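Some notes on the structure that comes next.
Dropping the structure here:
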């Protein structure tokens, strides 16, 4: 059968432990639910049933018979198959796992293993095929799969070396690990070690190309981010220029009603209308105010007011409104402020406006 081998070695023919510090990188593929992740678990000396379905891929590193293994466990869902080739280049060999109790997957398995071996980055590499779940009563053997998948012709076309063996991942781990799994892994490790220098040339070239591509992608990504940041800054400047600043007091002119309404960016006619509609405030102080301030006086109709003087300055007492002679009920509103006379212009507007709206609401 050329480069295609079936069956497995007997336990008595097990190879001696491998030596050396070389890292052997392997990728494992196969249909969904074929037992790939369970196989990794028993290879790491753990139980087969303590695993979760692989969504995407898992990366594991462990020692097997003295060899340092780096293994990519690639998910078997159809939508994930497209990512498999991303890991071929850095792999020294491959493992293909399928469920030999499911004859309905033979066609799919043939398609997948053909694409696997024919990929340019898997050519001339050893591939171990595990027909898992042989513990079931009905399952197909190595010869049927060899013939159905055409592995002999595939081996000659791709110069890949195949080994096909039935196994049972559920048989156990550690000392109870299926001998077929041990023998198959020893064969694959031996093929990689024997041809390591040749295989590693392609792996090193792929890793160098991958590193260069990652650097190029990083430069492109940084350039794109710089452009986006520049665009955001330009948009922020434009937005800032379009927004008229709202500044109630800039320190350059008196703090008057006209000034406040103007800085609130009201139209001129509306600004004047609001200013003229506010009644003047009678502070009770003799004579006109010393600064250019718009003052408002609450109407004196049915009201009482008084003046107070404190050490802090002029006191203003807004009146208490009573029901008018026309039967309208007015709310009571009283505000008392005490502040230096020279700073009266800084607060009179706020007092006048609040009491004016209270008065108009009646």
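Numbering (this note's numbering), first residue to last: 34 to 395.
Ideal Cβ positions, reconstructed from N, Cα and C, are used throughout, including at glycine.
Please read these numbers as outputs of a predicted model, since none were measured by experiment.
Worksheet item: To which residues of the same chain is residue 172 closer than 8 angstroms at the C-beta, ignoring the five residues directly before and after it?
Response: 133, 134, 164, 166 and 199
Worksheet item: Would a C-beta distance cut-off of 9 angstroms place residue 225 and residue 99 closer than the cut-off?
Response: No, the pair does not count as a contact, with Cβ atoms beyond the cut-off.
Worksheet item: What first and last residue would you give for the beta strand (DSSP E) that runs through residue 132?
Response: 126-132
Worksheet item: In this structure, does DSSP put residue 94 in helix, strand or coil?
Response: strand
Worksheet item: Could you check where the beta strand (DSSP E) with residue 199 kicks off and where it finishes?
Response: 194-199
Fill in: CA-to-CA distance, residue 245 to residue 221, given in whole angstroms
Computed Cα separation, rounded: 30 angstroms.
Item to complete: Name the residue from 55, 101 and 188 whose alpha carbon lies nearest to the alpha carbon of residue 77.
Response: 101
Worksheet item: Which residue's Cα is closest to the Cα of residue 155: 242, 202 and 193?
Response: 193
Worksheet item: Is the region 89-98 close to the region 141-160, with three or more CB pairs under 8 angstroms?
Response: When Cβ pairs closer than 8 angstroms are counted between the two stretches, the region 89-98 is seen not to touch the region 141-160, the count staying below three.
Worksheet item: In the structure shown, what three-state DSSP assignment does residue 358 receive?
Response: At residue 358, the pLDDT of 48 sits below 50, so the modelled position is not reliable; the number obtained from the coordinates is stated separately. Here residue 358 sits in coil by DSSP.
Worksheet item: Within this structure, are the beta carbons of residue 191 and residue 241 separated by less than 9 angstroms?
Response: Remark: C-beta atoms of residue 191 and residue 241 do not approach each other more closely than 9 angstroms.
Practice prompt. Can you grab the Cα-Cα spacing for the pair residue 270 / residue 264, in whole Å?
Written response: 10 angstroms
Item to complete: Within its chain, find whatever has a CB closer than 6 angstroms to the CB of residue 110; leave out the 5 residues flanking it on each side and keep chain order.
Response: So the list reads 65, once near-sequence residues are dropped.
Item to complete: Would you grab the beta carbon distance between residue 239 and residue 123 for me? Rounded to a whole angstrom, and I think it's under 8 angstroms.
Response: Contact between residue 239 and residue 123 holds: CB atoms are separated by about 6 angstroms, below the 8 angstroms threshold.
Worksheet item: With C-beta atoms as the reference, is residue 196 less than 9 angstroms away from residue 236?
Response: no
Discussion item. Do residue 229 and residue 57 have their beta-carbon atoms positioned less than 9 angstroms apart in this structure?
Written reply: yes
Discussion item. With H, G and I counted as helix, E and B as strand and the rest as coil, what does DSSP make of residue 156?
Written reply: coil
Worksheet item: Got a sec? Which residues, its chain only, sit under 8 angstroms from residue 61 by beta carbon, not counting five neighbours each side?
Response: Cβ contact annotation for residue 61 (same chain, cutoff 8 angstroms, sequence separation greater than five): 69, 72, 73, 104, 105, 106, 107, 127, 128, 129 and 130, in chain order.
Worksheet item: Thinking C-alpha only, which one of 55, 75, 67 and 214 is nearest residue 207?
Response: Taking each of 55, 75, 67 and 214 in turn and checking the Cα distance to residue 207, the smallest one comes out for 75.
Worksheet item: Hey, how far is the Cα of residue 54 from the Cα of residue 121?
Response: 22 angstroms
Discussion item. Going by DSSP in three states, residue 42 sits in which element: helix, strand or coil?
Written reply: Because the pLDDT at residue 42 is just 40, under 50, the model does not fix this residue reliably, and the point stays unresolved.
Worksheet item: Can you tell me whether residue 332 is buried or exposed, with buried defined as 16 or more other CB within 10 angstroms of its CB?
Response: For residue 332, the predicted model reports a pLDDT of 49, less than 50, meaning its position is unreliable; a value from the coordinates is still stated below. Exposed, because fewer than 16 other Cβ atoms sit within 10 Å of the Cβ of residue 332.
Worksheet entry | Simplified DSSP state of residue 210, which is helix, strand or coil | coil
Discussion item. Using the Cβ count rule (16 or more neighbours within 10 Å means buried), how would you classify residue 59?
Written reply: buried
Worksheet item: Who does residue 256 pair with in a DSSP beta bridge?
Response: For residue 256, which the question treats as bridged, DSSP gives no partner whatsoever.
Worksheet item: Any idea what DSSP makes of residue 276, helix, strand or coil?
Response: coil
Worksheet item: Looking at the structure shown, is residue 165 part of a helix, part of a strand, or coil, going by DSSP?
Response: Looking at residue 165 - three-state DSSP - the assignment turns out to be strand.
Worksheet item: With C-beta atoms as the reference, is residue 409 less than 9 angstroms away from residue 143?
Response: Residue 409 lies beyond the range of the chain shown here (34 to 395); nothing can be said about it.
Practice prompt. Compare the Cα-Cα distances from residue 112 to each of 209, 63 and 258 and report the closest residue.
Written response: It is 63 whose Cα lies nearest to the Cα of residue 112.
Worksheet item: DSSP state of residue 103, grouped into three classes?
Response: strand
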